[in-house]
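Participant: In full-length UniProt numbering, the protein residues as written are 1 to 64. Supplied in structure tokens, the structure appears directly below.
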């Protein structure tokens, strides 16, 4: 698993595990900075097949 082409801002916030495909945060998200992210994930198998999906992340506005 890996991220496909995405803005650098999103790549700085999220990381995808190459084996499991799980997506985790690298740093806290701030609603005032960005209220949502659209992540493009790519999965490749050993035979050259590729699948893509989009993960939409909505950031909630909480009191800081």
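Note that the Cβ used here is the ideal one computed from N, Cα and C, for glycine as well. Since we're looking at a predicted model, the values are computed, not measured.
Among all the DSSP beta bridges, which residues are the ones paired with residue 56?
Facilitator: Per DSSP, 38.
Participant: Mark residue 44 as exposed unless 16 or more other C-beta atoms lie within 10 angstroms of its C-beta, in which case mark it buried.
Facilitator: Classification for residue 44: exposed.
Participant: When burial is assigned at 16 or more other CB atoms within 10 Å of the CB, is residue 16 buried or exposed?
Facilitator: Burial call: buried.
Participant: Starting from the Cα of residue 61, find the closest Cα among 19, 30 and 42 and give me that residue.
Facilitator: Answer by Cα proximity: 30.
Participant: Are residue 37 and residue 18 closer than 8 Å when you measure CB to CB?
Facilitator: It is not a contact, given that the beta carbons lie outside the stated cut-off.
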